[in-house]
Amino acid sequence: MSKINPLYFALGIPVVVIVILVALVAPRMGGGGKFADLTPFSAETYRKDWATLQGNSYRLECQVDRQLSYVEGRGRVLAVKPIDKDPSRATVRIPIFIPAGTSDSFEVGQRFKCKLRVTRDLLVVEALERF
Amino acid sequence: MRHIFLSCLGWCALTVLGFAQAPPPASAQGGTAGDYKSSTAEGGADRVFNVNSDSVDMENGTMQWKGTTMNLGNSRAVRARFERYLAAPTDSGDMKRYVAVLDQIQFLLSAQSINQENYYRNQQEAFNLLFKAAEFDIDANNSLTIASQVQKVWVMKQEFKQIEVTKAQLETLRKVQEGIIINRADVIEEANAANEQAPKGATKLGKASTGATELGYKVKDEARTQAQILAKDAELLALGLKAKIEFQSQMVSFLMARRYRHSLITSSFYRVLFKGGSQNIVVGAKEVKEFFPISDFVPTLESFDMLSREAIKDVSKGMQTVDDLVKQGELYAAFERLQETYFLGEFEPVVMAYPQEKKREMLALWRDLRELQRLGDERDLGNVEGYVNKIRGRARDFPGAPILSKVSNAMNASNMSLLSAKGAVLSGDNAKAEAALERAAKIWPQNPGVKDFATQVVSRQDTLAQKIPEFDRLLAESKWRDIFNKKLEYALALAQDKERSEKLRKVVNRVGELDANIQKASVLATQNNPYLAWDVIVEVYKTESDDLVLAKTRSDIAPLVANYAQLIGQAEKLERDGAEAAALTAWLAAQDLNPASLTCDASVKRLAKSVAESAVIRATGAVPAPPAAADAEEVPVPPSK
């Protein structure tokens, strides 16, 4: 026979679930997520003057448009469309490089956020998270 | 005349590279030889007046009549004689009276009028009428020839009688001599018998051979007389044969000379003067037999008469036909019939009396036909049509269409040879060109195309001297468009220069391809697809940046695709600077504008692969110089050639 009042269980379990859910959803709702500490990547700036961005790391939320190239042992180049908060603005596709070694699969239409490093003019994905 | 035309048509046909379309002129000898379907007068007349027959052969001076060739003499003389006949005034003599006199002579000697009683009288009357007939000009004193012949026979008959008398006297003498010989022989035989009957040992009363010598001389005399009689017989025979042959010769001469009425009169006299045993034909049998192609035909006097009468009838019928055709306005047919009739019976009164004005009309036609023939002989094809029309105006039944057709064919053949010559010149085959030109000039010497061609050849030599250096200069300056614009001139000038021709061919192909692309770009632009048009322009511009037409098209399309062009320019510049990923970004942006662009697609793939392969190296390599921000806004300038 349990000494704990079953009422506590009836009230405690939903609270715990709610807390867990809040813990999971809150960061997403806040916009930063996993790479919230990084500056969002500006495709416009990159196109105009990529040199000013090189060496920096950025956060990019994007959608896979198509895979442009894949070289075994080297990696793959994807054309992605940055996801803009303002849907009225036209977005241009940009190429990103995903080095070999990642076990992720990339399908057209997939959305993910990633950490980009601008190496010379190349946008190298260092980490990513689907959403 | 018919032959003249056949000749004219003949050479026209021969000029068309040996296609003998015109019927060949019939051989004078063999043209109708053997074609004896009808040996009757009607049959012969049909053949003579057959439009398609070659009864008169002007070239050889012969005429076919009833399957037999009659020699008219030298061809030029034949033409001249016919022309003279047409030009000469009509004989003014009284034709009817003349014909009546001749008919009277024949009547006096005919079987229906001559008999035992008037035998000599009729002969004499007919003989006298011969002199009357000779008074007419158209008789040409041929009646006198007959009279002379008749008189000769009469003289021969006198001689014949004299020989007969001598022969009778000799025969009488021979009989006397024969009696004496018999008498002397009887005496000798009696003496010999008496000697044999006398007793043996009795003395003989006389010589056993008494009178033998005399008998021998008498026999010799009788033999001489016999020989003289035989000699007289031979003389009679020779005299008779001579007279017969001379008379028959004259008869045949008249027939072959186409003096049919005189031949008839001679025949009539012959029939009267010579007895039945001499009526067979000795002279001219072979010639007469040719008119009657029957294997066992025996010529007689009647054969001569029939030929002459048929000829007279044919001539008369021919002249009636001529008159009828003239009345119907068919002057050419009338002319042909008159010509044939003339040569069959030029001495017939009906021919000689043909009216002067009609003959003058025929003469004008004759001269036009001769002129047409001359044009044909000289192959002056350009003027033939004019003359054919002129003759048609004069004689509406003149068959000018076949002539014009042949002329047209000959002209075409000449022009085709000329074209062949031009083609051969262009291909550098001078020998073939020369042969073709010679053939063209031979068919139609005055072909204006031949002259033009010669001028062109001379001009071409001058052009060659100018065009080759000009071509070399433009080629060195890469002025393809300039060469292309004068491609035909250069093609002609460089036809024999294989090396330069090949260069020209390449230039023409190059500019042709460029023009096709420009055209394609223009069409795409007009179809509201300027980005694809620009792709085409950009691609072509890489190799043909100097072309003005391309430059103009490019400048026309550029304002429509300013942003697209800018992106492509930026991409190319970034790639040149080593910023392949940035270049790829620009290409992707351009592709977003022009998704169907093969150029963009190809560039994206190429650069993506390159980026993927070099990503690791790039990550550790030197940093390339970033593009200036200002440059990115500029419209790219395509690389100069």
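Those protein sequence lines, which keep their order, are chains A and B. Counting from 1, position 121 in the first sequence corresponds to residue 121 in the working numbering; the numbering is continuous, with no gaps. Position in the second sequence (from 1) plus 131 gives the number in the working numbering. Idealized CB from N, CA, C, for every residue including glycine. Quick caveat: nothing in here was measured; it's all calculated off a predicted structure.
query	result
Cβ-based burial, Val286/B [other Cβ within 10 Å; buried from 16]	exposed
Interface flag, Lys740/B vs chain A, CB-CB below 8 Å	yes
Contact residues within the stretch 54-83 of chain A, judged by C-beta distance below 8 Å to chain B	Gln54, Leu68, Ser69, Tyr70, Val71, Arg74, Gly75, Arg76, Val77, Ala79
CB-CB length for Ile277/B against His393/B, believed under 8 Å	6 Å
First and last residue of the uninterrupted beta strand (DSSP E) at Arg59/A	57-71
Interface residues of the stretch 682-716 of chain B facing chain A [CB-CB below 7 Å]	Ala710, Ala712, Ala713, Leu715, Thr716
Within-8 Å CB hit, Leu729/B to chain A	no
Cβ pair count under 8 Å reaching 3, the stretch 91-100 of chain A against the stretch 56-76 of chain A	yes
Proximal residues of chain B, C-beta to C-beta of Val92/A below 9 Å	Thr716, Leu719, Ala720, Asp723
Residue-level contact to chain A via CB, Ala746/B, 8 Å cutoff	yes
Pairwise C-alpha distance: Gly55/A and Glu703/B	24 Å
Where the beta strand (DSSP E) containing Lys610/B begins and where it ends	Lys610/B -> no beta strand (DSSP E), and no H or E assigned at all.
Interface flag, Ala652/B vs chain A, CB-CB below 8 Å	no
Neighbour-count burial assignment, Ala761/B, 16 or more Cβ in a 10 Å radius	Note on Ala761/B: pLDDT 39, under 50, position unreliable in the model; no value is reported.
Short CB-CB distance (under 8 Å) between Val735/B and chain A	yes
Reduced DSSP secondary structure (H/G/I, E/B, other) of Val638/B	helix
Beta-carbon separation (whole angstroms), Val669/B vs Lys651/B, contact threshold 8 Å	Rounded, the Cβ-Cβ distance is 13 Å, inconsistent with contact.
As assigned by DSSP and simplified to three states, the class of Val108/A	coil
Nearest candidate by alpha-carbon position, reference Gln237/B, set Arg390/B, Lys490/B, Leu432/B, Leu395/B	Leu395/B
Runs of alpha helix (DSSP H) wholly within the stretch 244-286 of chain B (minimum 4 residues, chain order)	250-265
Ala717/B in three-state terms, based on DSSP	helix
Nearest to Val482/B (by Cα), restricted to the options Asn314/B, Asp222/B, Arg207/B, Val209/B	Asp222/B
Option in Ser439/B, Val232/B, Ala362/B, Leu663/B with minimal Cα separation from Leu724/B	Leu663/B
Alpha helix (DSSP H) segment containing Leu361/B, residue limits	343-387
Arg111/A classed as buried or exposed, judged by whether at least 16 other C-beta atoms fall within 10 angstroms	exposed
C-alpha gap between Thr52/A and Ser609/B, whole angstroms	45 Å
Where the beta strand (DSSP E) through Pro99/A begins and ends	94-99
Identity of the residue in Pro661/B, Val680/B, Phe378/B, Leu557/B nearest Ala696/B by Cα	Pro661/B
Whole-angstrom C-beta distance between Gly507/B and Glu471/B, which should lie under 8 Å	At roughly 22 Å, the Cβ-Cβ gap does not stay under 8 Å, so Glu471/B and Gly507/B are not in contact.
Residue-chain proximity (Phe97/A, chain B), Cβ-Cβ < 8 Å	yes
Residues near Thr39/A in its chain [Cβ-Cβ closer than 6 Å; skip 5 each side]	Tyr58
Below-8 Å beta-carbon distance, Leu38/A vs any chain B residue	no
Classification of Gly149/B by the beta-carbon crowding that lies within 10 angstroms, buried from 16 upward	Summary for Gly149/B: the model assigns pLDDT 33, below 50, so the residue's position carries little reliability, and this model does not support an answer.
At least 3 beta-carbon pairs within less than 8 Å: the stretch 521-531 of chain B vs the stretch 456-472 of chain B	yes
Burial state of Leu123/A, where buried means 16 or more other Cβ atoms lie within 10 Å	buried
Rounded straight-line distance, which links the Cα of Pro99/A to that of Leu128/A	12 Å
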